[in-house]
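Numbering (the numbering used here), first residue to last: 4 to 114.
Below, the structure is given as C-alpha cells:
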C-alpha cells in the first residue's frame, strides 16, 4: 500500500482536490489488493493439502481423511472423487481470483 501511495496517479488525484479517504479507497486500495488476491489464491492449494494432513493426524472427518482411507483400502472411485472435488475447488478459486482482477483493475479485461 505504501508503494502504491507514492505513484504518480495518486499524486494527480490529490492535486485534483480529492479527499484523503477517496484517494485511498477508490484509487490506492484497489491497486494494492492485486498482489494480495494473487497470494491468497495460490495459498488456497496449500490449505487444501494441509487439510488432508491435519485430518489424518487429528482423526477429523473430512475429504482428506476419506481420501486416505480410500488409498489404504484401494477404493479407487473414492480417491478419484476426492481428487476431482479438490481439483474443481482449486479451479473455481482461481477463476474467482481472475474475475477479481478484472474488478480491481479496469485495465484488465477478458474478451
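Glycine is no exception: its CB is placed at the ideal position from the N, C-alpha and C atoms.
Fair warning: this is a prediction, and the values are worked out from it, not measured in the lab.
Pick helix, strand or coil for residue 38, following the three-state DSSP scheme. Note: residue 38 maps to helix in three-state DSSP.
With distance defined between alpha-carbon atoms, name the residue in 62, 36, 11, 51 nearest to residue 89. Checking every option, the nearest Cα to that of residue 89 belongs to 51.
For the segment 52 to 62 against the segment 104 to 113, are there 3 or more C-beta pairs whose distance is under 8 Å? Three or more Cβ pairs closer than 8 Å define a contact, and the segment 52 to 62 falls short of that threshold against the segment 104 to 113.
Roughly how many angstroms lie between the CA atoms of residue 32 and residue 26, to the nearest whole one? Spanning the two alpha carbons is a distance of roughly 9 Å.
Roughly how many angstroms lie between the CA atoms of residue 46 and residue 96, to the nearest whole one? Residue 46 and residue 96 have their C-alpha atoms some 10 Å from each other.
Residue 78 - DSSP class collapsed to helix/strand/coil: Reduced to three states, the DSSP call for residue 78 is coil.
Quick one: grab the DSSP three-state call for residue 11. Here residue 11 sits in helix by DSSP.
Tell whether a beta-carbon distance below 8 Å holds between residue 103 and residue 40. Taking 8 Å as the Cβ cut-off, residue 103 and residue 40 qualify as a contacting pair.
I'd like to check one pair, residue 74 with residue 86: are the Cβ atoms closer than 8 Å? Taking a C-beta distance under 8 Å as the contact criterion, residue 86 and residue 74 do not qualify as a contact pair.
If you draw a straight line from the alpha carbon of residue 67 to that of residue 53, how long is it in whole angstroms? So the two alpha carbons sit approximately 9 Å from each other.
For residue 70, does the count of other Cβ atoms within 10 angstroms reach 16, so buried, or fall short, so exposed? Counting Cβ neighbours within 10 Å, residue 70 comes out buried, since at least 16 surround it.
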